[in-house]
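As they're listed, the protein sequences go chains D and U.
Under my numbering, the first residue of the first sequence carries the number 1, and numbering increases by one thereafter.
Under my numbering, the first residue of the second sequence carries the number 1, and numbering increases by one thereafter.
All C-beta atoms, glycine included, are put in the ideal place defined by N, C-alpha and C.
Structure, as C-alpha cells:
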Amino acid sequence: MDQRPEIELRLTSDPMYLCGARELVGCIARRIGFDDIECSKIALAVDEAMSNIIRHGYDRAFDKPIWLGLSPLKPTSDSIGGIVITIEDEAKQVDPCNMKGRDLDDIKPGGLGVHIINEVMDEVRYEKRAPRGMRLVMIKNAMRPSESPRLSEKAPACKVTLNDRSPSRR
Amino acid sequence: MANPQSTYIAIERPEQGIVVLSPNSDIDMSRSPELRSVLRQEMSGDTHKVVIDLDDVEYMDSSGLATLVEAMRNAGSSNAKIVICNMSTKVSAIFEIARLDSFFSIVDSRDEAISL
Chain D
1 MDQRPEIELR
11 LTSDPMYLCG
21 ARELVGCIAR
31 RIGFDDIECS
41 KIALAVDEAM
51 SNIIRHGYDR
61 AFDKPIWLGL
71 SPLKPTSDSI
81 GGIVITIEDE
91 AKQVDPCNMK
101 GRDLDDIKPG
111 GLGVHIINEV
121 MDEVRYEKRA
131 PRGMRLVMIK
141 NAMRPSESPR
151 LSEKAPACKV
161 TLNDRSPSRR
Chain U
1 MANPQSTYIA
11 IERPEQGIVV
21 LSPNSDIDMS
31 RSPELRSVLR
41 QEMSGDTHKV
51 VIDLDDVEYM
61 DSSGLATLVE
71 AMRNAGSSNA
81 KIVICNMSTK
91 VSAIFEIARL
101 DSFFSIVDSR
111 DEAISL
C-alpha cells in the first residue's frame, strides 16, 4: 500500500489486548457491510496474525509494538467494497516464502494460524519491513466475484518486498 | 462449584466421574493457558467424561482449538471422553475452517453431552 491506513492502532504485544483489536476490526468490518459471521472470521484472521507475531516473532515478549491498520476498499463494478488490513511489527524477519499453513490432515495442536488467515482472507501478502520487522497485508472483499481466483492462484507463491518507507513515528 | 484457582472457568460435577467446564468469556491466546491447566487438572483421577460448555463463549481462536486437540489426545490415552456443547455459529465456523468439526464430539445441549 502506498498510503497510510485510514485507521491505525498501536498495541503492545500483550495477548490481553487481542480482544480490543478484534472488537475494532469486527466493528469496522460490520460498518463496511460484512455480515456477522464474516466479521467474526476477519477478526479471527487478525487475532491469528497478531498471536503469531507475539508467539513467534517476539518469542512471547509482551512489551513490543504491533501496529494495526484498517482501510475500506472502495466499491467497484464487481464488488461492494471490502477491507484492507495491515499489521506491522519490529519482530525478527522471516522469509515470506516460509509463511505456509500446515497439512490439516495431521491433527495436532498448533500451527493453524497461517491456514486460518489464508482461508478467511482473499489476499494475503507478507513483506519484510526495513530496517526490521514484518508487514502483513490482508484484503477481504465484501462480495467476492465467483470467477475471481485467490491471490495465490494468480500470483507467484510469495513476494518479498523490502520497503524503506518508515513512518516517522517509529 | 467454582474452582478457587479459576475465575474464568466454572467447574461442576453433575455426576460421579463427569466434569463440566464452562469458560465465561472468549478463548484466545490470553485465556487458553488457563483452560489447558484446568483441563489437565480435571482429567486426572476418576474422571471419565469432560463436558466443555461453550454457552458463554462468543469467540475462540486457534490457541483454543490447540488446547482442545491436546485435551482430546490426553483423553484418548486415559480412556476418557471429551464432549463439547452449546457452540455458537461463530465458534463453529473456526472448527470448520480448521476442519476439526468432525474430530470432536459436538452436541447441542449440556444435558445431551452429559447423557452421551
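Contact of residue 89 of chain U with chain D is assigned, a C-beta pair being separated by under 9 Å.
Going by beta carbons, residue 16 of chain U and residue 55 of chain U fall outside the 9 Å limit.
Under the three-state reduction of DSSP, residue 72 of chain U is assigned to helix. Around residue 75 of chain U, the same chain offers 43, 50, 81 and 82 as residues with beta carbons nearer than 8 Å, after the five sequence neighbours per side are excluded. Counting every other CB atom within 10 Å of its CB across the protein chains shown gives residue 115 of chain U a total below 16, marking it as exposed. Distance from the CA of residue 86 of chain U to the CA of residue 39 of chain D, rounded to the nearest whole angstrom, comes to 21 Å. Unbroken alpha helix (DSSP H) runs of no fewer than 4 residues, entirely contained in the segment 21-46 of chain D, are not found. About 12 Å separates the Cβ atoms of residue 140 of chain D and residue 37 of chain D, ruling out a contact at the 8 Å cut-off. The residues 81, in chain order, have a CB closer than 6 Å to that of residue 75 of chain D in the same chain once the five nearest residues on each side in sequence are set aside. Contact between the segment 117-125 of chain D and the segment 60-80 of chain D is absent: fewer than 3 CB-CB pairs across the two stretches fall below 8 Å. Comparing C-alpha distances from residue 72 of chain D to each of D:101, D:33, D:54 and D:94 shows the shortest one belongs to D:33. With a contact defined as Cβ atoms closer than 8 Å, residue 70 of chain D and residue 7 of chain D qualify at about 4 Å.
Under the Cβ distance rule, residue 48 of chain D counts among the residues neighbouring chain U, one pair being separated by less than 9 Å.
A direct Cα-Cα distance of roughly 42 Å separates residue 138 of chain D from residue 78 of chain U. For residue 108 of chain D, the closest of U:58, U:72 and U:10 by C-alpha to C-alpha distance is U:72. Contact of residue 30 of chain U with chain D is assigned, a C-beta pair being separated by under 9 Å.
Contact with chain U is found for residue 115 of chain D, since one of that chain's Cβ atoms lies less than 9 Å from the residue's Cβ. In the DSSP assignment, residue 68 of chain D forms a beta bridge with D:9 and D:87. Think of a sphere of 8 Å around the beta carbon of residue 112 of chain D: the chain U residues whose beta carbon falls inside it are 62, 65, 66 and 98, in chain order.
Assignment of residue 4 of chain D by DSSP, reduced to helix, strand and coil, places it in the coil class. Put simply, of U:70, U:108, U:69 and U:28 the residue whose alpha carbon is nearest the alpha carbon of residue 48 of chain D is U:28. A straight-line Cα-Cα distance of about 7 Å links residue 63 of chain D and residue 14 of chain D.
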